[in-house]
Each structure stands twice: as structure tokens, then as C-alpha cells.
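Numbering (our numbering), first residue to last: 2 to 202. By construction, the Cβ of each residue, glycine as well, lies at the ideal position given by its N, Cα and C atoms. Only a predicted model underlies this, so the values are computations on that prediction, with no experimental measurement involved.
Here is the structure:
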């Protein structure tokens, strides 16, 4: 680990498109020079996560920790924290960024990274916390949907909001078409929210 560098560890479970958006922004906007920060590692709980290949193509170190190999959430989270903390230091604590990481984290893990654990959720929180957000928004007759970047707290999808993007729900939308439009906005606001955090730490 580079001394004094703010290390960003990204956790994924799937395709990693938000991870790639963050990593590419970090390179393009020279976060290492501007903020003393870099994406230091990408960790997945699934060996077959497509985002791992994308991360390696971007030159990022990757790691896999299979949650199925652990007897409890607490045991998995404890080992995950050990892997993350390899990139941590008292002078420059790591940001832990959840980018499609499909695990409910234990309170102990959340507390350990309080104030530096970030998530993106595909709705305009506090509306539609949890799963199936796009279909729920359509079923409710909403005219708008969107995405929210927030700090993670013990209450699921209810941490302080860092950034939001609003997307109109169009006539004829289904969950898939709405999700695709929301995702393009996720790729925009997630790097922006992290940039704002880096400028403060």
C-alpha cells in the first residue's frame, strides 16, 4: 500500500458496471494526484462475477471471498474486513464502496467502517428501500424513479444521502427498461459522490 494514499476498496457480486465507472473516473480525473486516492482493490463474494474480469482489464487487484464457505454472516464479514484492512491505515483510512454487492452486512461490519462505507441504491430513497425497486415504482404509479448514493448505516438503505439522480418513468416502461435508464445515471452520480467524499477526508 502506498503510504498516505486513501485506498478505495470496491465490493461487487455481479457485472461491476458501477465499479468500472468509478475506476475509470479515478483514472481520468487523476484522483491520485488531486485527492491522494486510488481504487486499490476489487473484492467479490462470487468467483464467477463478470466484474472481476473487467477489474483485471483495468489493472486492478482482485480478490474473491465465497460467502458460502462461512458458517455465519458474522464469520464472513470478519474475514472480509481483514481483507479490506490490508488497504487501510490510520493516516488514510480506506473508503469501502458497495457496487452491486448483494450481501446484507452485519451491524459490526457497518460500525467498523462507519462514515466511510458507501452504497448505491436504485431508487429515490427513502422511497422503495429493499429489492424490486423499479417494478414497485411502476406499480405505484410513480412518474419518476432514480438512484441514490448514501452512507451505509445499520438500517438497510437509510443512511445519509450523498447524491441522487431523477429518471422519468415513461409510458410503456417495464422494470428492465427503467433499470437500464437508471443505471446510466448511477454511473454518473456514484463517482461524483465519491469525489465529494474524498475532498472532505
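Asked	Found
Have a look at residue 171 and residue 163 and give me their C-alpha separation to the nearest angstrom.	26 Å
Mapping the DSSP letters down to three states, classify residue 8 as helix, strand or coil.	strand
Just verifying my parser: in three-state terms, what is the DSSP assignment at residue 139?	helix
Under three-state DSSP, which class holds residue 50?	coil
By the 10 Å Cβ neighbour count, where 16 or more other Cβ atoms means buried, how is residue 57 classified, buried or exposed?	exposed
Between which residues of its own chain and residue 131 is the CB-CB distance below 8 Å, once the five residues before and five after are set aside?	157, 158
By DSSP, does residue 129 sit in helix, in strand, or in coil?	coil
Buried or exposed, going by whether 16 or more other CB atoms sit within 10 Å of the CB of residue 168?	buried
Considering only residues of the same chain and omitting the five flanking positions on each side of residue 7, which have a CB-CB separation below 8 Å?	36, 37, 38, 39, 93, 94, 95, 96, 199, 202
Pick out whichever of 29, 193, 65 has its Cα sitting closest to the Cα of residue 15.	65
In whole angstroms, what is the alpha-carbon distance linking residue 2 and residue 140?	Residue placement at residue 2 is poorly supported in this model, since its pLDDT is 41, which falls under 50; the coordinates still yield a value, given next. Looking at the two C-alpha atoms, the distance is approximately 48 Å.
Using 8 Å as the threshold, is the C-beta distance between residue 17 and residue 50 below it?	yes
Please determine, among 52, 46, 48, 47, the residue with the shortest C-alpha to C-alpha distance to residue 24.	52
Expressed to the nearest angstrom, what Euclidean distance is found between the alpha-carbon atoms of residue 189 and residue 103?	21 Å
Leaving out the 5 sequence neighbours to the left and right, which residues in its chain are closer than 6 Å to residue 160 when beta-carbon positions are compared?	151, 152, 153, 154
Distance check for residue 107 and residue 136, CA to CA, integer angstroms please.	27 Å
Taking Cβ to Cβ, would you say residue 148 is nearer than 8 Å to residue 138?	no
Using a Cβ-Cβ cut-off of 6 Å (strictly less than) and excluding sequence neighbours within five positions of residue 26, which residues of its own chain qualify?	192
With a Cβ-Cβ cutoff of 8 Å, do residue 11 and residue 98 count as a contact?	yes
List the whole-angstrom C-beta distance separating residue 55 from residue 21, where the pair is believed to meet the contact cut-off of C-beta under 8 Å.	5 Å
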